[in-house]
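Student: Numbering (our numbering), first residue to last: 138 to 299.
Got a structure here, written out as structure tokens. Questions coming.
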Amino acid sequence: MPTPHLPRLGHALRTLLHKRRHAALGTLDAAGAPFVSMVPFAIDAAAGRLVLHISGLAAHTGHMAAEPRVSLLVTAADAAGQPVHDLARVTLQALAHTPAPGAADWASARAAYLARFPEATPMTELPDFRFVTLQITGARQVAGFGAARSVPADELASILAA
């Protein structure tokens, strides 16, 4: 059911973020070159942030430790017979943070991640893996051909908390 205080495009963005479970994560390597990888993500509604669970061996993990500014691209699924240019999508800008294991923000991140990916429970016990939270600082939404906008921070907070 739509949240009454969100505009039409806000509802579309909320639906996109809640339906899709993976995204393209953009990070910067030590030389400042862009690097993109696929990551599953969850929404920690209580904290108004996104959550990743990543391996310490992954290139993007080191990139985020050195440079916490990241970008995340979430797109609607491609549908046969539909124009690819009409795919709903959002590019999120964020700051990555790695909460300390056992801390309150770590527990909140873990709960949110396992609510979306319960099959990942054994992976959360591996010492090489960690939770990374993404504090969203801005977004650019394309809700279809000709429907693009920048999303204000207060609206993003409402969408993630819904």
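We treat Cβ as the ideally placed atom computed from N, Cα and C, and that holds for glycine.
Starting from D242, follow the alpha helix (DSSP H) in both directions and report where the run begins and ends.
Tutor: First-last of the alpha helix (DSSP H) with D242: A241 to R253.
Student: In the segment 168-235, which residue ranges form an unbroken beta strand (DSSP E) of at least 3 residues, counting only runs that do not cross its ends?
Tutor: 171-177, 179-181, 186-192, 206-212 and 226-234
Student: Hey, is the segment 234-242 in contact with the segment 256-263, meaning 3+ C-beta pairs nearer than 8 Å?
Tutor: no
Student: Three-state secondary structure (DSSP) at R145?
Tutor: helix
Student: Pull up the distance between the alpha-carbon of D181 and that of A246, whole angstroms please.
Tutor: Spanning the alpha carbons of D181 and A246 requires a straight line of approximately 6 Å.
Student: For the alpha helix (DSSP H) that contains L263, what are its first and last residues?
Tutor: L263 -> no alpha helix (DSSP H), and no H or E assigned at all.
Student: List the endpoints of the continuous alpha helix (DSSP H) containing A298.
Tutor: Element bounds for A298: A290 to A298.
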